[in-house]
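Chains as they are written, first to last, in the numbering used here: chain A, 130 to 634; chain F, 15 to 518.
Note that the Cβ used here is the ideal one computed from N, Cα and C, for glycine as well.
From a predicted model like this one, the values you see are computed outputs, not experimental measurements.
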Amino acid sequence: MVFNSPTLSYSLLAPILIILGGALIGVLIEAFVGKARRPIVQLSVALASLVLALIQVIRIRELSSTTAAMGSVVIDGPGLLFQGAILIIAIISIFLIADQDNFTSSAAALPGSDEERQATQSGTVLTEIYPLTLFAVAGMLLFPVSSDLITLFVALEVLSLPLYLMAGLSRHRRLASQEAALKYFLLGAFSSAFFLFGAAYLYGYAGTVSFAGIHAAVVGGTGNDVILLLGIAFVSIGLLFKVGAVPFHAWSPDVYQGAPTPITGFMAAATKVAAFGAMLRIFYTVLAEAQWQWRPFFMVIAIITMIFGSLVAISQRDVKRMLAYSSIAHAGFLLTGVIALNKAGFEASIYYLFAYGVATVGAFGIVTLVRDSSGEVSDLNRWAGLGKRSPWVASAFAFFLLAFAGIPLTSGFIGKFAIFSAAYESGATAVVIVGVLSSAIAAFFYIRVIVLMFFTDATEDGTSVVIPSILTRLTIFISLAVTVALGVFPAPLLDFIKPLAIFIR
Amino acid sequence: MTINWISLTALLPLIGAVLLATLPKGAELRAKQFAFGATLVTAASAIAMAVQFQRDNTDLQFVEVRSWIPSFGINYAVGIDGIALVLILMSVILAPIVILAGWNEAQGGRWSVKTFYILILVLETMMIGVFSATDVFLFYVIFEAMLVPVYFLIGGYGTGERSAAAVKFLLYSLFGGLLMLASIIALYVMSGDQGGHTFDLAKLAKLEMSSTTQNFLFLGFFIAFAIKAPLWPFHTWLPDAAQSATSGTSVLLLGVLDKVGTFGMIRYCLTLFPEASKTFTPVIIVLAVISIIYGAILAIGQKDLKRLIAFTSISHFGFITMGIFAMTSQSQSGATLYMFNHGFSTAALFIVGGWMIARRGSSTISEFGGLQRVTPVMAWCFFLAGMSSLALPGLSSFVSEFLVLVGTYTRYPVAAIIATVGIILAALYILIPVQRALHGPTTPGNENLPDLNLREKIAIAPVLAAIIALGFYPAPLLNVINPAAIHVNSQLGFTDPVPTVEGK
Numbered sequence: 130m131v132f133n134s135p136t137l138s139y140s141l142l143a144p145i146l147i148i149l150g151g152a153l154i155g156v157l158i159e160a161f162v163g164k165a166r167r168p169i170v171q172l173s174v175a176l177a178s179l180v181l182a183l184i185q186v187i188r189i190r191e192l193s194s195t196t197a198a199m200g201s202v203v204i205d206g207p208g209l210l211f212q213g214a215i216l217i218i219a220i221i222s223i224f225l226i227a228d229q230d231n232f233t234s235s236a237a238a239l240p241g242s243d244e245e246r247q248a249t250q251s252g253t254v255l256t257e258i259y260p261l262t263l264f265a266v267a268g269m270l271l272f273p274v275s276s277d278l279i280t281l282f283v284a285l286e287v288l289s290l291p292l293y294l295m296a297g298l299s300r301h302r303r304l305a306s307q308e309a310a311l312k313y314f315l316l317g318a319f320s321s322a323f324f325l326f327g328a329a330y331l332y333g334y335a336g337t338v339s340f341a342g343i344h345a346a347v348v349g350g351t352g353n354d355v356i357l358l359l360g361i362a363f364v365s366i367g368l369l370f371k372v373g374a375v376p377f378h379a380w381s382p383d384v385y386q387g388a389p390t391p392i393t394g395f396m397a398a399a400t401k402v403a404a405f406g407a408m409l410r411i412f413y414t415v416l417a418e419a420q421w422q423w424r425p426f427f428m429v430i431a432i433i434t435m436i437f438g439s440l441v442a443i444s445q446r447d448v449k450r451m452l453a454y455s456s457i458a459h460a461g462f463l464l465t466g467v468i469a470l471n472k473a474g475f476e477a478s479i480y481y482l483f484a485y486g487v488a489t490v491g492a493f494g495i496v497t498l499v500r501d502s503s504g505e506v507s508d509l510n511r512w513a514g515l516g517k518r519s520p521w522v523a524s525a526f527a528f529f530l531l532a533f534a535g536i537p538l539t540s541g542f543i544g545k546f547a548i549f550s551a552a553y554e555s556g557a558t559a560v561v562i563v564g565v566l567s568s569a570i571a572a573f574f575y576i577r578v579i580v581l582m583f584f585t586d587a588t589e590d591g592t593s594v595v596i597p598s599i600l601t602r603l604t605i606f607i608s609l610a611v612t613v614a615l616g617v618f619p620a621p622l623l624d625f626i627k628p629l630a631i632f633i634r
Numbered sequence: 015m016t017i018n019w020i021s022l023t024a025l026l027p028l029i030g031a032v033l034l035a036t037l038p039k040g041a042e043l044r045a046k047q048f049a050f051g052a053t054l055v056t057a058a059s060a061i062a063m064a065v066q067f068q069r070d071n072t073d074l075q076f077v078e079v080r081s082w083i084p085s086f087g088i089n090y091a092v093g094i095d096g097i098a099l100v101l102i103l104m105s106v107i108l109a110p111i112v113i114l115a116g117w118n119e120a121q122g123g124r125w126s127v128k129t130f131y132i133l134i135l136v137l138e139t140m141m142i143g144v145f146s147a148t149d150v151f152l153f154y155v156i157f158e159a160m161l162v163p164v165y166f167l168i169g170g171y172g173t174g175e176r177s178a179a180a181v182k183f184l185l186y187s188l189f190g191g192l193l194m195l196a197s198i199i200a201l202y203v204m205s206g207d208q209g210g211h212t213f214d215l216a217k218l219a220k221l222e223m224s225s226t227t228q229n230f231l232f233l234g235f236f237i238a239f240a241i242k243a244p245l246w247p248f249h250t251w252l253p254d255a256a257q258s259a260t261s262g263t264s265v266l267l268l269g270v271l272d273k274v275g276t277f278g279m280i281r282y283c284l285t286l287f288p289e290a291s292k293t294f295t296p297v298i299i300v301l302a303v304i305s306i307i308y309g310a311i312l313a314i315g316q317k318d319l320k321r322l323i324a325f326t327s328i329s330h331f332g333f334i335t336m337g338i339f340a341m342t343s344q345s346q347s348g349a350t351l352y353m354f355n356h357g358f359s360t361a362a363l364f365i366v367g368g369w370m371i372a373r374r375g376s377s378t379i380s381e382f383g384g385l386q387r388v389t390p391v392m393a394w395c396f397f398l399a400g401m402s403s404l405a406l407p408g409l410s411s412f413v414s415e416f417l418v419l420v421g422t423y424t425r426y427p428v429a430a431i432i433a434t435v436g437i438i439l440a441a442l443y444i445l446i447p448v449q450r451a452l453h454g455p456t457t458p459g460n461e462n463l464p465d466l467n468l469r470e471k472i473a474i475a476p477v478l479a480a481i482i483a484l485g486f487y488p489a490p491l492l493n494v495i496n497p498a499a500i501h502v503n504s505q506l507g508f509t510d511p512v513p514t515v516e517g518k
């Protein structure tokens with residue numbers, strides 16, 4: 130038996146490898162660099178690896194449409210677009226994560242214990258967050274370019290495990306944060322099991338785990354359809370869990386609320402890009418010919434998700450929970466793009482993901498600023514009158530909300546228009562109509578927050594907006610600028626996406 | 015590079031808004047003067063454009079097309095016909111008048127005076143844009159985006175239940191807008207199947223579609239416009255909004271923004287869906303007649319001056335809608351002229367009414383009384399505005415109302431006859447408040463109310479002058495409107511019914 134050494138095509142894998150390298154260096158820094166210098170060194174390393182990875186993604190875009198790592202990874206235009214989007218979102222988020230006020234100083238200490246108090250008083254800051262973020266980013270980069278089920282699963286775990294941990298690191302309301310982490314972990318593990326179960330079925334159906342092989346089997350149509358159906362169903366459940374589609378959404382409000390806000394923002398934005406990236410690849414290439422098996426199912430999921438997310442968001446009293454439900458509704462809108470199953474739908478999904486991700490990071494960035502003496506205030510009633518006290522912060526938040534609502538001249542509108550028109554083109558009229566109507570419902574609760582901020586008199590309870598640090602300001606400013614620019618002049622990005630958005634199978 | 019007059023006119027207020035934003039915080043007077051100046055310059059630019067307008071040319075004029083989002087075939091495309099020109103003129107003339115008339119009305123707001131005028135100027139840009147857009151996507155963008163400044167104008171500077179009224183306004187409009195968006199998406203997709211994605215109005219008008227599709231898409235547009243206009247039963251947001259908004263905002267809201275609805279019916283519903291328009295005409299005529307009567311009857315019962323004016327407008331919008339869908343060139347010319355005249359007569363009512371309310375500190379009609387003796391000039395102005403609203407012959411509204419009724423009668427005589435009842439009711443809803451507020455014994459507390467000052471006289475004079483002048487000699491406007499109205503009608507394949515004379 131001849132054993133060939135695998136060809137890995139390092140330059141194509143370089144973005145992922147750079148991030149992993151950065152993460153490992155981060156672990157070493159944790160061990161060897163003095164406490165005082167750690168935060169700045171960690172931030173520099175993390176930022177440098179993200180930027181380098183982004184540069185590498187841009188550099189290899191011409192070489193795209195090749196496979197790497199013996200066909201386990203496919204580097205094509207869409208893959209690079211997803212990677213670029215994830216890296217940009219990560220770069221914006223890392224500034225937010227660098228604001229250490231949001232994280233506990235000692236994650237291992239029991240909430241309320243002396244140990245914790247000492248750690249807080251000694252001014253220790255938690256810097257493990259940087260390597261954890263980089264590990265998660267590495268997983269996210271791999272997820273949408275995976276080209277077989279095993280790599281896909283590994284990527285899923287690599288991106289999820291650090292996120293479970295990061296969700297538990299909040300400085301305030303430690304117990305809620307830990308509960309969120311545990312919930313996320315348990316449900317995540319559960320959904321991974323579903324995914325793996327489905328992957329086993331698909332393997333049973335096609336006799337291979339490679340996407341190309343499964344695609345060939347689907348096209349050939351000789352396998353057992355029941356097994357294919359089971360495989361699709363279980364793999365879909367695993368993926369739908371990650372994007373928070375109803376009825377697999379139960380984790381997201383609690384996790385969004387409990388996790389430290391910068392992590393919530395990062396998670397909400399980047400995980401969605403990665404998960405939808407993988408989902409689009411699977412359903413647009415591998416299972417495109419099996420559309421009668423999954424499209425009706427997805428239509429139902431999309432309709433329920435949009436309606437449920439919008440309706441339940443109305444009754445939320447907590448800004449983070451409200452954003453969680455809004456992200457559920459947005460998952461529904463994005464599923465519309467998956468259903469469209471045409472090139473326009475694919476381009477629209479990429480645009481939407483990027484626009485939504487950036488606005489999400491910005492919105493959560495603002496949530497971190499609204500505080501009282503005991504920390505962040507996410508109770509919406511106490512946001513009343515924010516527009517009077519801090520007009521700029523409130524206006525920025527209002528603008529992000531308008532973008533989520535899809536008001537024209539924001540990025541959200543172009544995204545929504547693109548995705549709905551693609552879905553309509555594919556004949557999914559019912560989904561589009563539900564989408565439009567739930568946009569109207571969704572507009573209601575976004576506007577309610579605007580009313581609260583601008584038109585309601587403040588209660589005197591000491592809620593205040595902290596002066597944003599330079600880093601947080603940078604996050605918010607970049608997100609705002611991108612949201613405006615993509616709303617008014619979306620053409621450059623759309624034109625950039627168009628030639629790249631072609632999957633190779 | 016030649017400068018396009020429409021783009022220039024639309025850009026001027028926006029530049030003004032940006033410059034205004036750079037003014038220091040305390041400079042309230044400077045902000046007002048600057049905003050007033052900016053609207054005057056805009057008005058001058060629009061009038062210069064109107065002078066160059068070739069009135070017998072039925073093509074769109076001052077056309078400018080620039081690629082905006084090429085991947086979706088979206089252009090920045092503007093151009094005007096006579097109907098759009100008249101409405102743009104109305105908007106840019108009303109804007110400075112509103113600022114001058116409501117010189118102090120921004121003071122009670124949640125935010126600075128400067129912000130108020132920034133919002134007004136941004137709104138003016140959008141008003142010009144919405145009437146001149148010839149790309150459906152561009153139209154939609156402006157149609158929706160202009161809700162945001164109005165929302166903040168009502169919610170931030172209004173009185174009473176202002177935030178509730180602002181939210182109601184926004185949600186109604188957004189809902190309608192989203193229905194329209196669904197129709198626009200469908201049009202876009204169909205255009206892709208028939209020769210390339212486009213939003214160009216002229217190209218979309220040539221799309222082939224089944225009558226079922228056309229009916230559904232028509233409804234998407236029509237409901238959005240009927241909410242905007244507003245037509246019974248989509249009107250309930252209007253009285254609340256008008257009651258809460260400052261009178262300047264109300265003028266812009268009822269005088270200009272609501273015209274987007276009726277303008278949209280002509281420009282979009284009739285042009286894009288001629289067959290469906292004909293199908294739905296009977297229903298719409300019925301709704302319009304109901305609006306005329308319903309608005310008038312409710313106006314009679316109102317105790318609040320601003321709500322009363324709002325309900326009279328619902329009645330007037332009924333006339334306009336009826337004129338549009340009667341589909342004779344007379345009724346449509348009349349409807350367009352009506353839009354212009356309604357803008358001015360409502361402006362006069364709201365402006366003078368606003369002064370009365372500001373002086374008395376209450377908008378309840380019974381709180382006034384005897385104003386004719388105390389403040390004769392103000393009372394005469396209100397009287398004249400009221401007469402214009404009830405379409406007294408010799409005042410501008412009479413011409414348009416007459417044209418609408420005559421034009422409608424040739425095709426829908428029953429509707430026209432019922433609608434004339436609206437005229438009688440109009441006399442009631444105007445004369446009752448005139449009698450209660452202006453005549454009779456002076457209500458205690460009103461003895462020392464000051465009459466109009468010079469600024470206020472200057473502000474109201476052009477409005478009243480226009481009402482009288484156009485009542486005697488509407489030809490300048492009709493000469494511009496008629497060719498466009500005939501053109502719209504001929505595109506629909508309608509010729510005016512020839513009146514038959516008995517015994518011939």
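Rounded C-beta distance between residue i and residue j? I'm assuming under 8 Å.
i       : j       : result
I495(A) : Q422(A) : That pair is no contact at about 43 Å.
R303(A) : P240(A) : 4 Å
T148(F) : L28(F)  : Not really, about 20 Å apart at Cβ, beyond 8 Å.
Give me, in chain order, the residues of the same chain whose beta-carbon lies closer than 6 Å to that of residue i; leave out the 5 immediate sequence neighbours on both sides.
i       : result
V366(F) : C395, F396, A399
L357(A) : Y334
I20(F)  : F76, V92, S146
A24(F)  : T139, I142, G143
DSSP on residue i, reduced to helix/strand/coil?
i       : result
D624(A) : helix
G6(F)   : For residue 6(F) there is no data in the structure shown, the boundaries of chain F being 15 and 518.
R190(A) : coil
R246(A) : helix
Q505(F) : helix
R500(A) : strand
A147(F) : strand
A31(F)  : helix
K518(F) : With a pLDDT of only 47 at K518(F), under the threshold of 50, the placement of this residue in the model should not be trusted; the figure read from the coordinates follows. Three-state DSSP puts K518(F) in coil, outside helix and strand.
Leaving out five residues before and five after residue i in sequence, what residues of the same chain have Cβ atoms less than 7 Å from its Cβ?
i       : result
S173(A) : none
L615(A) : A484, S540, I543, L622
F632(A) : D205, P207, R410, Y413, T414
T456(F) : G383, G384, R387, V388
L452(F) : L385, Q386, A393, F396, F397
Leaving aside the five residues before and after residue i along the sequence, list all residues of the same chain whose C-beta is less than 8 Å from its C-beta, in chain order.
i       : result
L149(A) : L263, F264, A267
M451(A) : A442, Q445, L509, F574, V578
G116(F) : T260, S261, G262, I365, G368
| the region 350-360 of chain F / the region 474-482 of chain F touching (three or more Cβ pairs under 8 Å) | yes
| query | Does the region 293-311 of chain F touch the region 377-384 of chain F, meaning 3 or more C-beta pairs lie closer than 8 Å? | reply | no
| task | Please confirm if the region 232-252 of chain F is in contact with the region 176-188 of chain F, defined as three or more CB-CB distances below 8 Å between the two stretches. | result | yes
| Are the region 245-264 of chain F and the region 340-347 of chain F touching by the rule of at least three beta carbon pairs closer than 8 Å? | no
| query | Does the region 272-280 of chain A come within contact of the region 211-218 of chain A, defined as at least 3 CB pairs closer than 8 Å? | reply | yes
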